[in-house]
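Since the structure comes first, as structure tokens, the remarks are kept for the end.
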Amino acid sequence: MSAHESMEHAEHAEHASGENKKIALLIAVIALCLALSETLGKGAQTESIGKNVEASNLWSFFQAKTIRRTAVQTAAEELRIIAPTIADPTQKAAALKQVEDWQKTAARYRSEPETNEGSEQLAERAKHSEHERDLALAKYHHFEVASAAFQIAIVLASATIITGMIALAWVSGLLALAGIGFTAIGLFAPHAVHLF
113 MSAHESMEHA EHAEHASGEN KKIALLIAVI ALCLALSETL GKGAQTESIG KNVEASNLWS
173 FFQAKTIRRT AVQTAAEELR IIAPTIADPT QKAAALKQVE DWQKTAARYR SEPETNEGSE
233 QLAERAKHSE HERDLALAKY HHFEVASAAF QIAIVLASAT IITGMIALAW VSGLLALAGI
293 GFTAIGLFAP HAVHLF
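In short: position in the sequence shown from 1, add 112, done, that's my numbering.
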């Protein structure tokens, strides 16, 4: 090998080494983005599960309040019908008083703003939890798409080093930008793009 060929070979190796360093840096940046997207995705997934459980619990409490209200209303109606047939005035007054108390209890089961545990308030709270669950799920789906884009970008950037095809690095960079875009959508406007 001549000196000229040696020098050309060294220049080519140095150029390839410089390109490989750039690709390695690209892979490192994409891996960082992937880690952030995965972390945000797991957080959103955990939040959606928690909000789903919360909504389910609130709907169960709502159903229990509704059943209690129905039972109390039924008892009050039955006693209201029977009360006129009671001969003893003291017992009749006590029965009508009980009807009134049960009607107040039924009304409290329907709406209890002081404790936020009337069936109307429980339904609102459950709907709010469902809304938060849906928001967290929308975020999660965008973070998952972003993670997939980052993973594919890393594979393509790695393939650039092996094949020397710079076009793969450009596609990798574009996928990384798409991943960043989906991460931003997940953070700031999860309902802007509907993929699922």
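Beta carbons: idealized from backbone N, C-alpha and C, even for Gly.
From a predicted model like this one, the values you see are computed outputs, not experimental measurements.
Asked                                                                                                                                                : Found
In chain order, what residues of the same chain lie with their CB nearer than 6 Å to the CB of Ala-122, ignoring the 5 residues before and after it? : Its pLDDT being 47, under 50, Ala-122 is placed unreliably in this model, and the value from its coordinates should be taken loosely. Result list for Ala-122: empty, nothing under 6 Å.
Only counting the same chain, and skipping five residues up and downstream in sequence, which positions put a Cβ closer than 7 Å to that of Leu-208? : Ala-195
What residue range does the alpha helix (DSSP H) around Ile-273 cover?                                                                               : 231-275
Alpha carbons only, please: which of Tyr-221, Ile-161 and Ile-264 is nearest the one belonging to Leu-138?                                           : Ile-264
Are Lys-133 and Ser-241 closer than 8 Å when you measure CB to CB?                                                                                   : no
If the criterion is Cβ atoms closer than 8 Å, does the pair Ala-188 and Ala-248 meet it?                                                             : no
By the 10 Å Cβ neighbour count, where 16 or more other Cβ atoms means buried, how is Trp-214 classified, buried or exposed?                          : buried
Runs of 4 residues minimum, wholly inside the segment 137-174: which ones carry the alpha helix (DSSP H) assignment?                                 : none
I want to check one thing, is the minimum distance from the CB of Ser-241 to the heavy atoms of the ligand PLP below 7 Å?                            : This structure does not include the ligand PLP; it has no bound ligands of any sort.
Within the chosen definition, does the segment 275-288 reach the segment 254-264 through at least 3 CB pairs nearer than 8 Å?                        : yes
Among Arg-222, Ser-160, Gln-210 and His-254, which one has its Cα closest to the Cα of Ile-292?                                                      : His-254
Just curious, the alpha helix (DSSP H) that Ser-284 is in, first and last residue?                                                                   : 278-300
Within 10 angstroms of the Cβ of Gln-233, are there 16 or more other Cβ atoms? Answer buried if so, exposed if not.                                  : buried
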